[in-house]
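A short worksheet on the structure shown next.
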Amino acid sequence: MEANTRSTGRLPAAFLTPGSSSFMDFLSDHQPELLPGNKKLPPVQGAIEAPHGTTIVAVTFPGGVVLAGDRRATMGNVIAQRDIEKVFPADEYSAVGIAGTAGLAVEMVKLFQLELEHFEKVEGTQLSLEGKANRLSTMIRSNLGMAMQGLAVVPLFAGYDVDREKGRIFSYDVTGGRSEEQGYAATGSGSIFARGAMKKLFRENLSEAEATTLVVQALYDAADDDSATGGPDVARRIYPIVTVITEDGFRRLTENESSEIARSILERRLEQPDGPRAALL
Amino acid sequence: MSTPFYVSPQQAMADRAEYARKGIARGRSLVVLQYADGIVFVGENPSRALHKFSEIYDRIGFAAAGKYNEYENLRIGGVRYADLRGYTYDRDDVTARGLANVYAQTLGTIFSSSAEKPYEVELVVAEVGERPEGDQIYRLPHDGSIVDEHGSVAVGGNSEQISSYLDQRHRDGMTLAEALKLAVQALSRDTNGSEREIPAERLEVAVLDRTRPQKRKFKRITGRQLGRLLEADGATTASEAEADANAEAAAEAEASGNDE
């Protein structure tokens with residue numbers, strides 16, 4: 006089978022059979038062993054040690070949505086990587102951030118991007134945002150076997166819904182359960198702290214600039230209390246990845262933009278270590 | 011049961027080729043041209059939804075003349091081939107040459123197998139390079155042969171006449187508007203040499219634009235943008251950008267030079 010795609014022979018029948026517009030469906034018919042969920046794991050004792058990604062946060066604002074992630078990957082108590090990227094564009098109008106086993110998550114994102122692109126090319130039109138969110142759900146569910154052995158992937162999916170003209174956020178659990186979040190959401194080990202911060206800072210009428218600042222504040226608070234989440238690393242110039250999705254499509258903040266946000270937050274935290282305060286009443 | 015007549019292999023192949031060519035000739039021709047920033051696909055297509063041109067992969071586009079269901083099948087096969095290859099190896103490992111080879115093998119096998127009817131299609135696979143020298147255009151006729159083309163190519167029923175028209179007039183480094191106008195002129199000439207008007211709504215136009223910041227270089231040109239490009243050096247509209255005006259002046263100077 007493999008040889009068919011590499012050699013210059015005739016396209017195998019599976020390629021020319023009319024069928025689904027899904028790349029995953031095609032793969033599961035033609036080369037099922039390439040699907041990440043179909044990889045057989047040898048029996049293992051205890052949890053498998055592999056780098057884990059940690060905190061991803063998202064906030065909606067009128068006109069769009071912001072998705073951001075810290076840069077740390079950990080393996081047990083060791084920092085496996087300081088500048089890992091965990092937020093990726095899924096297509097022009099959506100992005101996905103991943104927490105969990107880094108290797109599997111990156112592979113899942115790659116397949117998810119391809120799935121959306123494949124559908125777009127075959128059908129000549131994009132999937133609805135809801136359709137994209139459901140597709141991601143199916144992919145996580147197919148990874149359930151590995152999740153049960155400690156190799157879970159838990160993404161956060163955000164996008165601009167062209168039909169409803171607003172930003173939307175979907176969160177997932179390890180079984181592929183999907184739920185739409187209102188306003189803000191977080192996933193990963195630092196998410197409880199990030200969510201606390203966002204709860205106090207979130208308002209309905211945020212501007213884009215306020216929303217990008219809010220997510221970096223939340224990541225700072227997550228890094229403050231969760232050892233697996235990395236704060237902005239000024240010495241090495243490693244700053245959170247912040248992406249904005251609006252009517253105009255996906256945009257990732259440049260390093261300068263995100264460093265500016267992170268630095269201004271750091272400066273204020275030197276005065277007030279716990280960050281901005283919400284009113285008591 | 012009567013004994014079948016003997017048909018020489020030459021005759022059988024000639025019959026199959028004629029059958030395929032007749033099928034292709036029923037559809038309208040289309041052209042693919044290089045211009046300064048990429049490759050442009052132009053064809054007459056009254057349908058808005060059923061495309062003759064489409065994206066295969068990041069830098070690779072596809073154009074087809076002939077029977078819709080057959081080339082659509084090949085197009086989807088190509089998308090599957092490219093996506094699978096990019097997924098297994100890397101996005102850079104998907105090339106127009108590889109795809110053209112697969113199409114050539116597929117068409118060739120179908121053409122020579124007596125169990126299947128030959129496909130009534132003629133394809134173009136094009137890949138836009140970082141620079142014009144890197145552009146690749148392959149033409150694939152119904153029998154699985156493969157032709158490496160440069161500058162301009164026409165496929166479909168009336169293709170020979172159109173290509174000779176294009177060969178005389180196409181030059182390297184044309185602007186998109188110039189290439190588009192040349193393509194429309196070529197397409198609107200009938201077999202008897204008379205010209206007819208093709209309105210913008212009946213044109214399908216797409217480009218592989220190397221200047222696009224995205225990885226995916228394929229883009230359809232429709233509506234206002236198409237109208238603007240077609241008008242570009244006719245009656246000048248007030249809203250036209252100055253850069254366009256300059257380009258027009260240069261183009262006109264060159265055109266008049268060529269006429270002499």
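Those protein sequences? They're chains A and B, same order as listed.
Each residue of the first sequence is one higher than the last, beginning at 6 in the working numbering.
Each residue of the second sequence is one higher than the last, beginning at 11 in the working numbering.
Idealized CB from N, CA, C, for every residue including glycine.
Nothing here was measured: the structure is a model prediction, and the numbers come from that model.
{"Check": "For Arg107/B, three-class secondary structure by DSSP", "Outcome": "helix"}
{"Check": "Where Gly51/A falls, given that 16 or more other Cβ within 10 Å makes a residue buried", "Outcome": "exposed"}
{"Check": "Residue-chain proximity (Lys44/A, chain B), Cβ-Cβ < 8 Å", "Outcome": "no"}
{"Check": "Rounded straight-line distance, which links the Cα of Leu39/A to that of Thr22/A", "Outcome": "20 Å"}
{"Check": "Among Ser198/B, Gly96/B, Val41/B, the one whose alpha carbon lies nearest that of His180/B", "Outcome": "Val41/B"}
{"Check": "Residue nearest to Thr180/A in terms of C-alpha spacing, selected from Pro41/A, Glu170/A, Arg200/A, Ser142/A", "Outcome": "Ser142/A"}
{"Check": "Near-chain B residues of the stretch 116 to 137 of chain A - C-beta to any C-beta below 8 Å", "Outcome": "Leu116, Leu119, Glu122, His123, Lys126, Val127, Gly129"}
{"Check": "Anticipated Cβ contact below 8 Å, His160/B with Ile172/B, distance rounded", "Outcome": "With a Cβ gap of about 16 Å, His160/B and Ile172/B do not count as contacting."}
{"Check": "Minimum Cβ-Cβ distance from Pro94/A to chain B less than 8 Å", "Outcome": "no"}
{"Check": "Against chain A: residues of the stretch 64 to 78 of chain B by CB proximity under 9 Å", "Outcome": "Ser64, Glu65, Ile66, Tyr67"}
{"Check": "Closest Cα partner of Thr130/A within the set Ser27/A, Ile174/A, Glu112/A, Leu46/A", "Outcome": "Ser27/A"}
{"Check": "Environment of Ser266/B [buried if 16+ CB atoms lie within 10 Å]", "Outcome": "Bear in mind that a pLDDT of 42 at Ser266/B, under 50, signals an unreliable position, so the number given afterwards is only what the model happens to contain. The residue in question, Ser266/B, is exposed, as its Cβ has fewer than 16 Cβ neighbours within 10 Å."}
{"Check": "Sufficient close CB pairs (3 or more, under 8 Å) joining the stretch 46 to 56 of chain B to the stretch 21 to 31 of chain B", "Outcome": "no"}
{"Check": "Contact list for Gly14/A against chain B, beta-carbon separation under 8 Å", "Outcome": "Val112, Gln115"}
{"Check": "Backbone secondary structure at Ile172/B - three-state DSSP", "Outcome": "helix"}
{"Check": "Met203/A, enclosing alpha helix (DSSP H) - first and last residue", "Outcome": "196 to 206"}
{"Check": "CB of Gly37/B within 8 Å of CB of Gly166/B, strictly", "Outcome": "yes"}
{"Check": "Tyr91/B at chain A interface by Cβ criterion, 8 Å", "Outcome": "yes"}
{"Check": "Nearest residue (CA-CA) to Asp177/B, options Ser18/B, Gln44/B, Pro14/B", "Outcome": "Gln44/B"}
{"Check": "C-alpha gap between Val157/B and Val135/B, whole angstroms", "Outcome": "10 Å"}
{"Check": "C-beta neighbour in chain B for Ile23/A, strict 8 Å", "Outcome": "One detail in the question is off: residue 23/A reads as Pro in this sequence, not Ile. Output row for Pro23/A: interface = yes."}
{"Check": "Chain A residues whose Cβ lies nearer than 7 Å to that of Ile86/B", "Outcome": "Val127"}
{"Check": "Rounded distance between the beta-carbons of Val247/A and Ala107/A, thought under 8 Å", "Outcome": "About 19 Å; that fails the 8 Å criterion."}
{"Check": "Rounded straight-line distance, which links the Cα of Met151/A to that of Glu112/A", "Outcome": "14 Å"}
{"Check": "Three-state secondary structure assigned by DSSP to Gly53/B", "Outcome": "strand"}
{"Check": "Residues of its chain near Leu109/B, where Cβ-Cβ distance is below 7 Å and the 5 sequence neighbours each way are ignored", "Outcome": "Ile66, Ile70, Gly88, Tyr91, Ala92, Val135"}
{"Check": "Status (buried if at least 16 other CB within 10 Å, exposed otherwise) for Asn261/A", "Outcome": "exposed"}
{"Check": "Cβ-Cβ separation, Gly155/A to Ile103/A (assumed contact under 8 Å), whole Å", "Outcome": "Not confirmed; about 16 Å, so no contact."}
{"Check": "Straight-line Cα distance separating Pro245/A from Gly254/A", "Outcome": "20 Å"}
{"Check": "Three-state class that DSSP yields for Thr251/A in the structure shown", "Outcome": "strand"}
{"Check": "Asp182/B classed as buried or exposed, judged by whether at least 16 other C-beta atoms fall within 10 angstroms", "Outcome": "exposed"}
{"Check": "Rounded C-alpha distance that separates Thr246/B from Ala164/B", "Outcome": "The predicted position of Thr246/B is uncertain, since its pLDDT is 40 and thus under 50; a value taken from the coordinates is nonetheless stated next. Using only the alpha carbons, I get a separation of about 30 Å."}
{"Check": "C-alpha distance - Thr368/A paired with Pro48/A, whole-angstrom precision", "Outcome": "For residue 368/A there is no data in the structure shown, the boundaries of chain A being 6 and 286."}
{"Check": "Cα-Cα separation between Asp5/A and Asn79/B, rounded to whole angstroms", "Outcome": "Here chain A has residues from 6 to 286 only, and residue 5/A is not among them."}
{"Check": "C-beta neighbour in chain B for Phe28/A, strict 8 Å", "Outcome": "yes"}
{"Check": "Environment of Met144/A [buried if 16+ CB atoms lie within 10 Å]", "Outcome": "buried"}
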